[in-house]
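> All letters in the sequence shown, in the order written, are residues 550 to 704 by the numbering used here.
The C-beta atom is built at its ideal place from N, Cα and C for all residues, glycine as well.
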Amino acid sequence: MARLRCHFTAQGRRENINGTIESRSSLSEGAMSVSNVQVGRDGQSPIAAIGDSLVVQEWSGSGPVYMHVHHADDEAWHVLAGVLRFRFADAEIDAGPGTTIFVPAGTPHTYWEVEPSRYLIFLTPRLNRLIAELSAGADMAKVPEILARYDSAIC
């Protein structure tokens, strides 16, 4: 039985929990599907699973207003409800429920809510730390310097 480190946020309160992977099915070498992980009292609180190479979080809201690029990190979104609009150098894409958007490293992008949305975001621990630092209220004049520390930049 494998251990799973998770946290969930409810009503502005972050709590750490530990779960266990109760069933595991091999998909390919090193991959697995997970079931029977219980989080929170009602199972409705946004959750996050944090591993050594991947972070999965349930989010709402828009991304940064500026186009940006992560030179060495991939990112992906899976829309659960609402609509997100993604802007790339040469296109805009609306993503509704059930849509997954994958943005490979080196791809300039940004996104915003077209209507109130809930989505899963898949990112590296480095990008998770970047977003945490930017979300702490960074002065816009310092954003390029902060992005550079995480191998990212404004486009």
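Per the contact definition of three or more C-beta pairs closer than 8 Å, is the segment 689 to 698 in contact with the segment 656 to 666?
The segment 656 to 666, when compared against the segment 689 to 698, does not touch it at the 8 Å Cβ threshold.
> By Cβ distance below 8 Å, which residues in the same chain neighbour residue 601 in space, the five residues on each side in sequence not counted?
So the list reads 674, once near-sequence residues are dropped.
> For residue 632, I'd like the list of residues in its chain whose CB is within less than 6 Å of its CB, leaving aside the five on either flank, ordered along the chain.
If we look at residue 632 and ignore the five residues flanking it on each side, its Cβ neighbours are 643, 645, 663 and 664.
> Alpha carbon to alpha carbon, how far is residue 639 from residue 676?
Each residue's Cα considered, the two are about 24 Å apart.
> From what residue to what residue does the beta strand (DSSP E) around residue 611 run?
Element bounds for residue 611: n/a, residue is neither H nor E.
> Can you look up residue 530 in the DSSP assignment and give me helix, strand or coil?
Residue coverage of the chain in this structure runs from 550 to 704, which leaves residue 530 outside it and unanswerable.
> Taking the CB atoms as reference points, tell me whether residue 620 and residue 635 lie closer together than 8 Å.
No, they are not a contact pair.
> According to DSSP, is residue 665 part of a helix, a strand, or is it coil?
In this structure, residue 665 counts as strand in the three-state DSSP scheme.
> Out of 701, 679, 698 and 669, which one is the CA nearest neighbour of residue 610?
Nearest C-alpha to residue 610: 669.
> Measuring only the C-alpha atoms, how far is residue 704 from residue 615?
Cα-Cα distance, rounded: 8 Å.
> For the candidate residues 626, 678 and 684, whose alpha-carbon lies nearest to that of residue 699?
Comparing Cα-Cα distances from residue 699 to each of 626, 678 and 684, the minimum goes to 678.
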